[in-house]
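K.L.:
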């Protein structure tokens, strides 16, 4: 198209500039510079020249040219800064771009394009405080911008400031009640704050909208994944029947949804229906046997079914996938203790203590294991440590030892 235009208007500076831009964008910055050298000097020419310098890794020259152009500009300095920011951002030079954002805002504090670019650059640099600052600046200019309220919410969510994030999402929904990404994020924030009933409500609202309005990719989640979100919220709220209903909906939609099979197993475990729990957890492991969490749930089911040897195998498999699980090490210690394998029990209790020195009652259980293997000196030492965190540890020790001796 540019070549055709040149045949008609061979002396057009505008067309030659477009050609130079095309050279820069298609990886021919040297050709762009040669062409620019033949054109009259003007502001746009220098911006393209600066972009070409950056493509050629001549960063010092590029920055110097941009700074010179901004310094020379008297009336539209903020617009010149914005152009510089766009060039630098395209080269992932976000720190340098932020310098021009600041300079431009000094000239025009209400330039929202510069604020938006500032937020973007700060986010790329993982500077959450500066990112938040720019979104708050944008909201001072336009308090009804649902997109900026949502973006602020995302920044706050990323910092685990969930209550503040909820307020930001709520403002986004006040400005635009049908902005469904804010509804989904409200669900996530409520879930993180353990407001599970509220989380289930928001997830349901989003799910219904996703089905009715065919939301594109539903923020990257399939319909069965959204059903699992609803189910997990009910599960955490200990509303197991409701949770299972939604897990079943998810499995009807996608029979191979791993989280739904696992969730069904967890709900049946909580309801003490161990046979059904085992059924769903085994299905989950057929889909993916590399998930440590599923092996842990399987082990818990097997313990409740008095299949301790199988439970030990499951716990060991969980540890092979993720060794940093103090609670699993402790559970193994308890199983070996019950089997009167006190050396093994002590090994796993000690391993759990190494991972988490504050693990509840770890010293009491070590004292019990030492006592059962006849090492009263070590038992007394562990019991003294247990008393530091629990004044009733000696009573519990005597009670458990007494019951076992009977």
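Numbering (this note's numbering), first residue to last: 126 to 531. The beta carbon of each residue, even a glycine, is placed where N, CA and C say it ideally should be.
Relative to the alpha-carbon of residue 225, which residue among 189, 258, 252 and 251 has its alpha-carbon at the smallest distance?
P.N.:
Selected option, being the one with the closest Cα: 189.
K.L.:
Does DSSP put residue 439 in a helix, a strand or coil?
P.N.:
helix
K.L.:
Within 10 angstroms of its Cβ, does residue 534 collect 16 or more other Cβ (buried), or is it exposed?
P.N.:
The requested residue 534 is not part of the displayed model; the chain covers only 126 to 531.
K.L.:
Indicate the three-state DSSP secondary structure (helix, strand or coil) for residue 269 in the structure shown.
P.N.:
DSSP places residue 269 in coil when its eight states are reduced to three.
K.L.:
I'd like to check one pair, residue 287 with residue 317: are the Cβ atoms closer than 8 Å?
P.N.:
yes
K.L.:
Across the stretch 265-272 and the stretch 231-241, are there enough close Cβ pairs to call them in contact, namely three or more that are closer than 8 Å?
P.N.:
yes
K.L.:
Using CA atoms only, rank isn't needed, just tell me which of 244, 522 and 500 is closest to residue 508.
P.N.:
Looking at the Cα atoms, 522 is the closest of the given residues.
K.L.:
Kindly indicate which residue of 427, 408 and 334 has the alpha-carbon position closest to the one of residue 307.
P.N.:
334
K.L.:
Is residue 375 helix, strand or coil by DSSP?
P.N.:
helix
K.L.:
Nearest by alpha-carbon distance to residue 387: which of 377, 363, 353 and 366 is it?
P.N.:
Ranked by how close their Cα comes to the Cα of residue 387, the residues 377, 363, 353 and 366 have 353 in first place.
K.L.:
Following the continuous alpha helix (DSSP H) through residue 497, name the residue where it begins and the one where it ends.
P.N.:
487-497
K.L.:
Alpha carbon to alpha carbon, how far is residue 215 from residue 490? Give it in angstroms, no decimals.
P.N.:
Here the C-alpha atom of residue 490 lies approximately 60 Å from the C-alpha atom of residue 215.
K.L.:
Whole angstroms are fine: how far does the CA of residue 443 sit from the CA of residue 418?
P.N.:
7 Å
K.L.:
Suppose you measure from the CA of residue 283 to the CA of residue 212; what does that come to, to the nearest Å?
P.N.:
28 Å
K.L.:
Restricting to Cα atoms, I'd like to know which of 192, 441 and 504 is closest to residue 467.
P.N.:
Of the candidates 192, 441 and 504, the residue whose Cα lies closest to the Cα of residue 467 is 504.
K.L.:
The alpha helix (DSSP H) spanning residue 197 covers which residue range?
P.N.:
Element bounds for residue 197: 184-197.
K.L.:
Can you list the alpha helix (DSSP H) stretches of 4 or more residues lying completely in the stretch 413-464, in chain order?
P.N.:
417-429, 433-446 and 451-463
K.L.:
DSSP on residue 217, reduced to helix/strand/coil?
P.N.:
The three-state reading of DSSP puts residue 217 in coil, since its state is none of H, G, I, E or B.
K.L.:
Would DSSP call residue 248 helix, strand or coil?
P.N.:
helix
K.L.:
Nearest to residue 261 by CA position, among 249, 251, 275 and 250, is which residue?
P.N.:
275
K.L.:
Using DSSP with H/G/I as helix, E/B as strand and the rest coil, what is residue 500?
P.N.:
In this structure, residue 500 counts as coil in the three-state DSSP scheme.
K.L.:
Cα separation between residue 407 and residue 427?
P.N.:
12 Å
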